[in-house]
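Asker: Its first residue numbered 3, the sequence shown is counted upward by one per residue in the working numbering. Backbone N, C-alpha and C define an ideal beta-carbon position, used for all residues, glycine too. The structure displayed is predicted, hence computed values, not measured ones. Can you keep this structure in mind? I'll have questions shortly.
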Amino acid sequence: MSGPVDMVEVWRGNLLESIHQGHAVVCDEAGEIVEAWGDPEAVIYPRSSCKMIQALPLIESGAADAYNLTSDHLALACASHNAAAIHNDLVSAWLSDLGLSDDDLRCGPQTPRDAEVRDALIKIDQSPCQIHNNCSGKHAGFLTLNKHLGGGPDYEKIDHPVQQANLAAFEELTGETSPAFGIDGCSAPNHACTVHGFARSLAFFATAQDRSDTRSKAAVQLVDAMTKHPELVAGEGRACTELMRAMDGNVALKTGAEAVFSAIIPEKRLSVAVKITDGAFRASEAAVAAILVKLGVLDLSHPATIKRMTPTVTNWRGLEVGHIRPTAALR
3 MSGPVDMVEV WRGNLLESIH QGHAVVCDEA GEIVEAWGDP EAVIYPRSSC KMIQALPLIE
63 SGAADAYNLT SDHLALACAS HNAAAIHNDL VSAWLSDLGL SDDDLRCGPQ TPRDAEVRDA
123 LIKIDQSPCQ IHNNCSGKHA GFLTLNKHLG GGPDYEKIDH PVQQANLAAF EELTGETSPA
183 FGIDGCSAPN HACTVHGFAR SLAFFATAQD RSDTRSKAAV QLVDAMTKHP ELVAGEGRAC
243 TELMRAMDGN VALKTGAEAV FSAIIPEKRL SVAVKITDGA FRASEAAVAA ILVKLGVLDL
303 SHPATIKRMT PTVTNWRGLE VGHIRPTAAL R
């Protein structure tokens, strides 16, 4: 069993100052490894990069159709959003349509990442709500599924039917029995798997258009929603949104806490799973961008690519003092 490998370098002047290590796997349509870095069998929490798996039961169960959810709703169910107005307004309307409110969410309040919304709350001396949580779209999806199933209010608990449905989908797609679960930042369970297992689950989404079963149709809907609405999946200035736009909606991307990144590439029937061991987002963004360039789906010269894959390091005066780049193994 190998360990993590050097994946991203941070240079200051002519000195290599820091190195980020990690694991990554590219899977083909059969879920087999096409290329790997580090240890494919390393066990990780996918965190928010697996939200599309958590959204599958929402569609499979019939809940999405029963409550007339659109592609906007489905994109938001897969999102880690900025809590900009477009996100907050949609979540608020979604809860209202369900006859529910902010009080029914179990994700907890969070300061909006969107500066305009954050500053507006400060000006009126109002505390953030749970709707402002970056996972509120996922939780609105949980609440929709819960209402359809007739479950109790504590839908975030591991033994609740909503979370048991999520676990079943996760284990079936990864092809693994999850060895552990942790509680995510939004209070929902997050199940562990290997990097290969995670990439294998993403390969299911990358090939879903080739099949006609209920789960595959649901997967197609989610990928289409993410690529159609990149601004809902994350938001302005975010890697997921900017890189999906750079690839003209041909690839679905999703980041997760502690530097996990996932990519679904239907046109090539490939998937990518990345985990940086020290949890640095700058490294996971650089690594996934480098792999997407390597796979021929992301333009090396696109501004969004340069911003994430080979950004400059600047100081407080705005002076360029260094740069970040993928290691030779990824380039």
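Can you find at least 3 beta carbon pairs, one from the stretch 162 to 180 and one from the stretch 193 to 209, that sit closer than 8 Å?
Answerer: Enough Cβ pairs lie closer than 8 Å, so yes.
Asker: In this structure, what does DSSP give as the bridge partners for threonine 72?
Answerer: Sequence index remark: in the sequence shown, residue 72 carries index 70 (1-based). Paired residue(s): none; threonine 72 is not in a bridge.
Asker: Check whether the stretch 210 to 225 and the stretch 178 to 192 are in contact - that is, three or more C-beta pairs closer than 8 Å.
Answerer: No, they do not touch.
Asker: With tryptophan 96 as the anchor, note down where its alpha helix (DSSP H) starts and where it stops.
Answerer: The count along the sequence shown starts at 1 and reaches residue 96 at position 94. Note, tryptophan 96: alpha helix (DSSP H), 87 to 99.
Asker: Just grab the DSSP bridge partners of threonine 257 for me.
Answerer: The residue labelled residue 257 in the question sits at position 255 within the sequence shown. In DSSP, threonine 257 forms a bridge with Phe263.
Asker: At which residues does the alpha helix (DSSP H) containing leucine 277 begin and terminate?
Answerer: Taking the sequence shown and counting its residues from 1, the one referred to as residue 277 is at position 275. Per the sequence shown, the amino acid found at residue 277 is lysine instead of leucine. It is not in any alpha helix (DSSP H) - lysine 277 instead sits in the beta strand (DSSP E) that spans 272 to 278.
Asker: In three-state terms, what does DSSP make of valine 10?
Answerer: For the purposes of this step, residue 10 is identified with residue 8 of the sequence shown, where counting begins at 1. The answer is strand: DSSP assigns valine 10 an E or B state.
Asker: Report yes or no: do three or more beta-carbon pairs, one from the stretch 255 to 270 and one from the stretch 301 to 310, lie closer than 8 Å?
Answerer: At 8 Å Cβ cutoff, the stretches do not touch.
Asker: Closest to alanine 32 by C-alpha separation, out of Asp99, Ile88, His198 and Ala142, would be which residue?
Answerer: In the sequence shown, counting from the first residue as 1, residue 32 sits at position 30. Nearest C-alpha to alanine 32: His198.
Asker: Counting pairs of Cβ atoms below 8 Å between the stretch 45 to 52 and the stretch 98 to 110, do you hit three or more?
Answerer: Contact fails: fewer than three Cβ-Cβ distances are below 8 Å.
Asker: Using DSSP with H/G/I as helix, E/B as strand and the rest coil, what is cysteine 195?
Answerer: Locating residue 195 in the sequence shown gives position 193, counting from the first residue. Here cysteine 195 sits in strand by DSSP.
Asker: Give me the Cα-Cα distance between valine 315 and serine 82, rounded to the nearest whole angstrom.
Answerer: In the sequence shown, counting from the first residue as 1, residue 315 sits at position 313. In the sequence shown, counting from the first residue as 1, residue 82 sits at position 80. Approximately 26 Å between the Cα atoms of the pair.
Asker: Roughly how far, in whole angstroms, is the beta-carbon of serine 299 from the beta-carbon of methionine 311, given that I think they are within contact range, below 8 Å?
Answerer: What you label residue 299 is simply residue 297 of the sequence shown in a count that begins at 1. What you label residue 311 is simply residue 309 of the sequence shown in a count that begins at 1. Correcting the residue type first, residue 299 is valine in the shown sequence and not serine. Not quite, the Cβ-Cβ distance comes to about 13 Å (not below 8 Å), so this is no contact.
Asker: Just the Cα atoms here: how many angstroms apart are valine 27 and glutamate 287?
Answerer: Along the sequence shown, read from residue 1 onward, the residue named residue 27 stands at position 25. Along the sequence shown, read from residue 1 onward, the residue named residue 287 stands at position 285. One C-alpha to the other measures close to 15 Å.
Asker: Residues in the same chain with beta-carbon distance under 7 Å from arginine 120, minus the five sequence neighbours each way, listed in chain order, please.
Answerer: Stepping through the sequence shown from its first residue, residue 120 is reached at position 118. So the qualifying residues of the chain are Thr113 and Pro114.
Asker: What does the alpha-carbon distance come out to for the pair leucine 78 and glutamine 23?
Answerer: As a first step, residue 78 must be located in the sequence shown, where it is residue number 76. As a first step, residue 23 must be located in the sequence shown, where it is residue number 21. Looking at the two C-alpha atoms, the distance is approximately 31 Å.
Asker: List the whole-angstrom C-beta distance separating leucine 76 from alanine 66, where the pair is believed to meet the contact cut-off of C-beta under 8 Å.
Answerer: The residue labelled residue 76 in the question sits at position 74 within the sequence shown. The residue labelled residue 66 in the question sits at position 64 within the sequence shown. Correct: roughly 7 Å between the Cβ atoms.
Asker: Could you give the first and the last residue of the continuous beta strand (DSSP E) run that contains histidine 304?
Answerer: Here residue 304 refers to the residue found at position 302 when the sequence shown is read from its first residue. That residue, histidine 304, is in no beta strand (DSSP E); it is neither H nor E in DSSP.
Asker: I want to check one thing, is the minimum distance from the CB of valine 10 to the heavy atoms of the ligand NAD below 8 Å?
Answerer: Absent from the structure shown: the ligand NAD. Ligands present: none.
Asker: Cα separation between asparagine 148 and glutamine 128?
Answerer: Position 146 of the sequence shown, counting from 1, holds the residue named residue 148. Position 126 of the sequence shown, counting from 1, holds the residue named residue 128. Going by the C-alpha atoms only, they are around 30 Å apart.
Asker: Taking 8 Å as the cut-off, does the stretch 14 to 21 touch the stretch 145 to 162 (at least 3 CB pairs, one atom from each stretch)?
Answerer: The stretch 145 to 162, when compared against the stretch 14 to 21, does not touch it at the 8 Å Cβ threshold.
Asker: I need the straight-line Cα distance from arginine 240 to threonine 257, nearest angstrom please.
Answerer: Position 238 of the sequence shown, counted from the start, is the residue given in the question as residue 240. Position 255 of the sequence shown, counted from the start, is the residue given in the question as residue 257. Each residue's alpha carbon lies about 10 Å from the other.
Asker: Should the stretch 229 to 239 be regarded as contacting the stretch 277 to 287, the criterion being three or more beta carbon pairs within less than 8 Å?
Answerer: Counting Cβ pairs under 8 Å, fewer than three are found: no touch.
Asker: Please list, in chain order, all residues of the same chain as aspartate 156 whose beta carbon is under 8 Å from its beta carbon, the five residues on each side excluded.
Answerer: Within the sequence shown, residue 156 is the residue found at index 154, counting from 1. Cβ neighbours of aspartate 156 beyond the five flanking positions: Arg108 and His162.
Asker: What would DSSP say about cysteine 29, mapped onto helix, strand or coil?
Answerer: Taking the first residue of the sequence shown as position 1, residue 29 is located at position 27. DSSP places cysteine 29 in strand when its eight states are reduced to three.
Asker: For histidine 325, which beta-bridge partners are listed by DSSP?
Answerer: Position 323 of the sequence shown, counted from the first residue, corresponds to residue 325. For histidine 325, which the question treats as bridged, DSSP gives the partners Trp13 and Thr314.
Asker: Between phenylalanine 283 and alanine 254, how many whole angstroms is the CB-CB distance? I'm expecting something under 8 Å.
Answerer: Locating residue 283 in the sequence shown gives position 281, counting from the first residue. Locating residue 254 in the sequence shown gives position 252, counting from the first residue. In fact, because the Cβ distance is near 19 Å, the residues do not count as touching under 8 Å.
Asker: Tell me which residue opens and which closes the beta strand (DSSP E) that isoleucine 126 is part of.
Answerer: Walking along the sequence shown from the start, residue 126 turns up at place 124. No beta strand (DSSP E) holds isoleucine 126; DSSP gives it neither H nor E.
Asker: With DSSP as the reference, label serine 50 as helix, strand or coil.
Answerer: As a working note, residue 50 is residue 48 in the sequence shown. Serine 50: helix per DSSP, three-state reduction.
Asker: Just to confirm, are alanine 73 and histidine 150 a CB contact at a threshold of 9 Å?
Answerer: Walking along the sequence shown from the start, residue 73 turns up at place 71. Walking along the sequence shown from the start, residue 150 turns up at place 148. Reading off the sequence shown, one finds serine at residue 73, where the question assumed alanine. Going by C-beta atoms, serine 73 is not nearer than 9 Å to histidine 150.
Asker: Using a Cβ-Cβ cut-off of 7 Å (strictly less than) and excluding sequence neighbours within five positions of asparagine 2, which residues of its own chain qualify?
Answerer: Nothing in the structure corresponds to residue 2, since the chain is present only between 3 and 333.
Asker: For isoleucine 160, does the three-state DSSP call read helix, strand or coil?
Answerer: Here residue 160 refers to the residue found at position 158 of the sequence shown. Reduced to three states, the DSSP call for isoleucine 160 is coil.
Asker: By Cβ distance below 6 Å, which residues in the same chain neighbour isoleucine 293 in space, the five residues on each side in sequence not counted?
Answerer: To locate residue 293, count along the sequence shown from 1; it is residue 291. Within the same chain, isoleucine 293 has close Cβ partners Val274.
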